[in-house]
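Q: Residues in the sequence shown are numbered from 1 upward in steps of one, following the UniProt record's numbering. Sharing a structure, written as structure tokens. Questions coming.
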Amino acid sequence: MVSLALTLVMIAFVVRLLQVQAVDASTYAAKADKNRYVGHVLTAERGGITDRGGVALAISVDANDITADPTMFTRKQLKIDDGPEQAAALLAPILGQDQATLTEKLRTSNTQYVLLARRQTPQVWKQIKDLKTALTKKAESDGSTVNVLAGVFQDPSSKRVYPNGDLAAGILGWVNAEGKGGGGIEQQLNKELTGKDGKIRYAQSGGRLVPTAGSTETPAVAGSDVELTIDRDIQWAAQNAITEQVEKSGADRGYVMVQDTRTGEILAMANSPGFDPNDLSKASSAALGNAALQDAYEPGSTAKVMSMAAVLEENVATPETHVVVPNRLHRGDRLFQDDIDHPTWNLTLNGVLAKSSNIGTILAAGQLGKTQKQANEVLYSYMRKFGIGLPTGLGFPGETSGILAPAAKWSTSQQYTIPFGQGVSINAMQAASVYSTIANGGVRVEPTLVRGTKGPDGRFTPAPRPKKTRVVSEKTAKTLAQMLESVVDDEEGTGAKARIPGYRVAGKTGTANRVDPATGKYHGYTSSFAGFAPADNPGSPSTAPSRTPPRAATSAARSAVPSTNRSWNSPSRPSRSRPPGPGPPICPSPSHRERHGNRPGTSS
Numbered sequence: 001m002v003s004l005a006l007t008l009v010m011i012a013f014v015v016r017l018l019q020v021q022a023v024d025a026s027t028y029a030a031k032a033d034k035n036r037y038v039g040h041v042l043t044a045e046r047g048g049i050t051d052r053g054g055v056a057l058a059i060s061v062d063a064n065d066i067t068a069d070p071t072m073f074t075r076k077q078l079k080i081d082d083g084p085e086q087a088a089a090l091l092a093p094i095l096g097q098d099q100a101t102l103t104e105k106l107r108t109s110n111t112q113y114v115l116l117a118r119r120q121t122p123q124v125w126k127q128i129k130d131l132k133t134a135l136t137k138k139a140e141s142d143g144s145t146v147n148v149l150a151g152v153f154q155d156p157s158s159k160r161v162y163p164n165g166d167l168a169a170g171i172l173g174w175v176n177a178e179g180k181g182g183g184g185i186e187q188q189l190n191k192e193l194t195g196k197d198g199k200i201r202y203a204q205s206g207g208r209l210v211p212t213a214g215s216t217e218t219p220a221v222a223g224s225d226v227e228l229t230i231d232r233d234i235q236w237a238a239q240n241a242i243t244e245q246v247e248k249s250g251a252d253r254g255y256v257m258v259q260d261t262r263t264g265e266i267l268a269m270a271n272s273p274g275f276d277p278n279d280l281s282k283a284s285s286a287a288l289g290n291a292a293l294q295d296a297y298e299p300g301s302t303a304k305v306m307s308m309a310a311v312l313e314e315n316v317a318t319p320e321t322h323v324v325v326p327n328r329l330h331r332g333d334r335l336f337q338d339d340i341d342h343p344t345w346n347l348t349l350n351g352v353l354a355k356s357s358n359i360g361t362i363l364a365a366g367q368l369g370k371t372q373k374q375a376n377e378v379l380y381s382y383m384r385k386f387g388i389g390l391p392t393g394l395g396f397p398g399e400t401s402g403i404l405a406p407a408a409k410w411s412t413s414q415q416y417t418i419p420f421g422q423g424v425s426i427n428a429m430q431a432a433s434v435y436s437t438i439a440n441g442g443v444r445v446e447p448t449l450v451r452g453t454k455g456p457d458g459r460f461t462p463a464p465r466p467k468k469t470r471v472v473s474e475k476t477a478k479t480l481a482q483m484l485e486s487v488v489d490d491e492e493g494t495g496a497k498a499r500i501p502g503y504r505v506a507g508k509t510g511t512a513n514r515v516d517p518a519t520g521k522y523h524g525y526t527s528s529f530a531g532f533a534p535a536d537n538p539g540s541p542s543t544a545p546s547r548t549p550p551r552a553a554t555s556a557a558r559s560a561v562p563s564t565n566r567s568w569n570s571p572s573r574p575s576r577s578r579p580p581g582p583g584p585p586i587c588p589s590p591s592h593r594e595r596h597g598n599r600p601g602t603s604s
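Written out as structure tokens, the structure is:
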């Protein structure tokens, strides 16, 4: 009987041994392999962002992801019940995290990998490593001490740093907690900057690499570097200027654009208030983003240059054309007036622009067609060619195209207000582009922020060439430039404060009611100045700042002009310009009035 029982036991043992060695061998091997081998993602190094001269604007520095193997915090492994709690108590002050949250992560079951903290500095990992070493040494000499941090590790990573703080933050954007672009160029070109992650799989025992067990690795491919068109020095000057002016004027915000008129390259795009992408916790929600591209505002009188461009290009008038400007003008269901009360003015078309007369602009634009409807269609076509109501071509995240309704949908009021810049909305880049077009001899060059990218192989790939569009003739553009000089040079011009000694400055001021997005009603004002210097050098940068002062009394010339002057006086200021020659007259000569009379809108 005993013999039979022993035989049965031996048979059962042999059967079980056979099952383990042969039948289930692959299953158990797989389980052992799973417990022994670990895999990690090798994060690709993010590409850097530089200015046009190679100055670093955004870089990635060495950092560490702090990880843990929860299986090494169990009672079976540590011989204590509160291993996760003890480890969390040590890590919480170093990582700046909640102790309870860390404890919960360390108690996670069915995994050998949990992420405790992303992108920590080398100093943070050194603190943890030194603490681990101290616990190990103490455990060797004191049997009651347990190294509760033995299961804490680091994975090499990187951290995004912006060496110049808030400089060009609206352009650059930031990188979020997941390592992806959260705004600006970082978001727009995230794919190019990110690269391709790799992976590694290796054996470990007790948290240590087993060299003899072998490993497999797919290397990461670094992201491409991006070279922007902006110039750090011009950006710095523009940013300081607009920040100071916003504070002085009590404005809600402001922006400055500087563009190379020949290439379309943006040399500066500054916003105030701004933010420091190194520390988003201190940034207000209103400051995040890029207001120069994301804010839509009514341009006011800076848009009158487009009406003048259409009038000149269509041969409706010349700068010397006589325009009689009454004190009030009835059109449609409205009574229009100028910014200041005045008697009937006898002006030239040039004088209408220099004095920024709304009434004079309405009269001039009305001559674009035999009927008001035809005139509307002609003006609309020119505004579209200038890029109004269309994407700028930058492809920037959150960019607004503004609003320009088709001429057929203009209201009775809009057909008279749009010629002087109300009833239409634009962004600051579109404003700069209009004046760049004039400075560039009538050719509009799509703006660009990126010069090119450099791959991990060191090969530079230039950005596609921007699209060019002929908007007006070179003759018309030159005439407009002379008229815009009068706005600044003439004693009766509205842009006198934009004068820079030794330079020929062309530009236009503007003030318009501001629409409150929350209510859809007008509240406050947008004051702006747009222009270029030197006026006789079509390759010079053009600047278009805008801001929203809350006080009705704030004039465009007073609040907007100083920031353009300081931008032009940056370290990369344009070369000296020859003294200006005589420009078109503001008022017609007596003989001209005798020949053509005093009818409103008379032209020759």
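Think of the CB as a built atom: it goes at the ideal place given N, C-alpha and C, for glycine as much as any other residue. As the structure is a prediction and not an experimental result, all values here were calculated from the model.
Rounded to whole angstroms, what is the Cα-Cα separation between residue 285 and residue 273?
A: For the purposes of this step, residue 285 is taken as residue 285 along the sequence shown, with counting starting at 1. For the purposes of this step, residue 273 is taken as residue 273 along the sequence shown, with counting starting at 1. Taking the straight line from one Cα to the other gives about 11 angstroms.
Q: Beta strand (DSSP E) containing residue 158: first to last residue?
A: Sequence index remark: in the sequence shown, residue 158 carries index 158 (1-based). That run of the beta strand (DSSP E) goes 152-161.
Q: Ignore the nearest five residues each way along the sequence and tell me which others in residue 191's own chain have a CB closer than 6 angstroms to its CB.
A: On the sequence shown, residue 191 is found 191 positions in, with the first residue counted as 1. Nothing meets the Cβ criterion.
Q: Look up residue 426 in the DSSP assignment and say whether it is helix, strand or coil.
A: One-based indexing of the sequence shown puts residue 426 at position 426. Strand at residue 426.
Q: Identify whether residue 354 lies in helix, strand or coil by the three-state DSSP scheme.
A: Locating residue 354 in the sequence shown gives position 354, where the first residue counts as 1. The answer is helix: DSSP assigns residue 354 an H, G or I state.
Q: With a threshold of 16 other CB atoms inside 10 Å of the CB of residue 275, please say whether the residue is buried or exposed.
A: For the purposes of this step, residue 275 is identified with residue 275 of the sequence shown, where counting begins at 1. It is buried - the Cβ of residue 275 has at least 16 other Cβ atoms within 10 Å.
Q: From residue 410 to residue 392, what distance separates their C-alpha atoms?
A: For the purposes of this step, residue 410 is taken as the residue at position 410 of the sequence shown. For the purposes of this step, residue 392 is taken as the residue at position 392 of the sequence shown. When rounded, the distance between both Cα atoms is 23 angstroms.
Q: Could you say if the segment 80-88 and the segment 194-205 meet the contact criterion of at least three C-beta pairs nearer than 8 angstroms?
A: No, because fewer than three Cβ pairs between the segment 80-88 and the segment 194-205 fall closer than 8 angstroms, the two stretches do not touch.
Q: Out of 436, 112, 529, 402, state which residue places its alpha-carbon closest to the alpha-carbon of residue 515.
A: As a first step, residue 515 is located in the sequence shown; it is residue number 515 there, counting from the start. The shortest Cα separation from residue 515 among 436, 112, 529, 402 belongs to 402.
Q: Pop quiz: residue 433 and residue 423 are said to be a contact at Cβ under 8 angstroms. What is the actual Cβ separation, rounded to whole angstroms?
A: Taking the first residue of the sequence shown as 1, we reach residue 433 at position 433. Taking the first residue of the sequence shown as 1, we reach residue 423 at position 423. Wrong, their Cβ atoms sit about 20 angstroms apart, outside the cutoff.
Q: Roughly how many whole angstroms lie between the Cα atoms of residue 279 and residue 232?
A: The residue labelled residue 279 in the question sits at position 279 within the sequence shown. The residue labelled residue 232 in the question sits at position 232 within the sequence shown. Cα to Cα, the separation comes out at about 21 angstroms.
Q: With a 10 Å radius around its C-beta and 16 neighbouring C-beta atoms as the bar for buried, classify residue 533 as buried or exposed.
A: Your numbering for residue 533 matches position 533 in the sequence shown. Buried, since its Cβ has 16 or more Cβ neighbours within 10 Å.
Q: With residue 184 as the anchor, note down where its alpha helix (DSSP H) starts and where it stops.
A: Within the sequence shown, numbered from 1, the residue matching residue 184 stands at position 184. Looking at the DSSP string, the run of the alpha helix (DSSP H) that includes residue 184 is 184-188.
Q: Expressed to the nearest angstrom, what Euclidean distance is found between the alpha-carbon atoms of residue 153 and residue 444?
A: Along the sequence shown, read from residue 1 onward, the residue named residue 153 stands at position 153. Along the sequence shown, read from residue 1 onward, the residue named residue 444 stands at position 444. Approximately 56 angstroms, taken between the alpha carbons.
Q: Can the beta-carbon of residue 229 be found less than 8 angstroms from the beta-carbon of residue 186?
A: For the purposes of this step, residue 229 is taken as the residue at position 229 of the sequence shown. For the purposes of this step, residue 186 is taken as the residue at position 186 of the sequence shown. Cβ distance not < 8 angstroms, so residue 229 and residue 186 don't count as in contact.
Q: Going by the CB atoms, is the gap between residue 50 and residue 225 shorter than 8 angstroms?
A: Along the sequence shown, one-based indexing puts residue 225 at 225. Along the sequence shown, one-based indexing puts residue 50 at 50. For residue 225 and residue 50, yes; Cβs fall inside 8 angstroms.
Q: Answer yes or no: do residue 366 and residue 377 have a C-beta to C-beta separation smaller than 8 angstroms?
A: Taking the sequence shown and counting its residues from 1, one reaches residue 366 at position 366. Taking the sequence shown and counting its residues from 1, one reaches residue 377 at position 377. No, Cβ-Cβ distance for residue 366 and residue 377 is not below 8 angstroms.
Q: In terms of residues, what are the limits of the alpha helix (DSSP H) holding residue 267?
A: For the purposes of this step, residue 267 is identified with residue 267 of the sequence shown, where counting begins at 1. Looking at the DSSP string, residue 267 is not in any alpha helix (DSSP H); the run it does join, the beta strand (DSSP E), is 266-272.
Q: Does the count of Cβ pairs from the segment 93-103 and the segment 135-152 closer than 8 angstroms reach three?
A: Not touching, per the Cβ criterion.
Q: What span of residues does the beta strand (DSSP E) with residue 91 cover, start to end?
A: For the purposes of this step, residue 91 is identified with residue 91 of the sequence shown, where counting begins at 1. Not the beta strand (DSSP E): residue 91 falls in the alpha helix (DSSP H), residues 83-95.
Q: Anyone know if the C-beta pair for residue 318 and residue 349 falls short of 8 angstroms?
A: Numbered from its first residue, the sequence shown carries residue 318 at position 318. Numbered from its first residue, the sequence shown carries residue 349 at position 349. Yes, they are a contact pair.
Q: Do the segment 38-46 and the segment 156-174 meet, that is, are 3 or more Cβ pairs less than 8 angstroms apart?
A: Contact between the segment 38-46 and the segment 156-174 is present, because at least three Cβ pairs lie under 8 angstroms.
Q: Whole angstroms is fine: what's the gap from residue 144's alpha carbon to residue 290's?
A: Along the sequence shown, read from residue 1 onward, the residue named residue 144 stands at position 144. Along the sequence shown, read from residue 1 onward, the residue named residue 290 stands at position 290. Between residue 144 and residue 290, the C-alpha separation is close to 59 angstroms.
Q: List the whole-angstrom C-beta distance separating residue 425 from residue 297, where the pair is believed to meet the contact cut-off of C-beta under 8 angstroms.
A: As a working note, residue 425 is residue 425 in the sequence shown. As a working note, residue 297 is residue 297 in the sequence shown. So it is a contact: roughly 6 angstroms between Cβ atoms.
Q: In chain order, what are the residue ranges of uninterrupted beta strand (DSSP E) at least 3 long that sit wholly in the segment 286-370?
A: Fully enclosed beta strand (DSSP E) runs of 3 or longer: 322-325, 329-331, 334-336, 345-348.
Q: Does residue 557 pass the burial test, meaning 16 or more other C-beta atoms within 10 Å, or should it be called exposed?
A: Reading the sequence shown from its first residue, position 557 is the one you call residue 557. Interpretation of residue 557 is limited by its pLDDT of 45, a score under 50 that renders its predicted location unreliable; the figure taken from the coordinates is listed afterwards. When all chains shown are included, residue 557 counts as buried.
Q: Inspect the beta-carbon positions of residue 65 and residue 118 and report whether they are closer than 8 angstroms.
A: For the purposes of this step, residue 65 is taken as residue 65 along the sequence shown, with counting starting at 1. For the purposes of this step, residue 118 is taken as residue 118 along the sequence shown, with counting starting at 1. Yes. Within cutoff.
Q: Please report how far the alpha carbon of residue 110 lies from the alpha carbon of residue 453, in whole angstroms.
A: Position 110 of the sequence shown holds residue 110. Position 453 of the sequence shown holds residue 453. Taking the straight line from one Cα to the other gives about 44 angstroms.
Q: How would you label residue 313, buried or exposed, when you count the other beta carbons within 10 angstroms and need 16 or more for buried?
A: Your numbering for residue 313 matches position 313 in the sequence shown. Under this definition residue 313 is a buried residue.
Q: Could you pull out every unbroken alpha helix (DSSP H) segment of at least 4 residues lying fully inside the segment 192-257, listed in chain order?
A: Within the segment 192-257, the complete alpha helix (DSSP H) runs of at least 4 residues are 232-249.
Q: Out of 461, 124, 362, 526, which one is the CA nearest neighbour of residue 306?
A: Taking the first residue of the sequence shown as 1, we reach residue 306 at position 306. Among 461, 124, 362, 526, the Cα nearest to that of residue 306 is on 362.
Q: Can you tell me where the alpha helix (DSSP H) holding residue 372 begins and where it ends?
A: If you number the sequence shown from 1, residue 372 lands on position 372. Unbroken alpha helix (DSSP H) run through residue 372: 372-385.
Q: Return the bridge partner residues of residue 512 from the DSSP annotation.
A: The residue labelled residue 512 in the question sits at position 512 within the sequence shown. Partner(s): 526.
Q: Examine the Cβ distances between the segment 379-398 and the segment 170-188 and report whether three or more of them are shorter than 8 angstroms.
A: Yes, since at least three Cβ pairs between the segment 379-398 and the segment 170-188 fall closer than 8 angstroms, the two stretches touch.
Q: Is the Cβ-Cβ distance between residue 91 and residue 116 less than 8 angstroms?
A: Along the sequence shown, one-based indexing puts residue 91 at 91. Along the sequence shown, one-based indexing puts residue 116 at 116. Closer than 8 angstroms, so yes.
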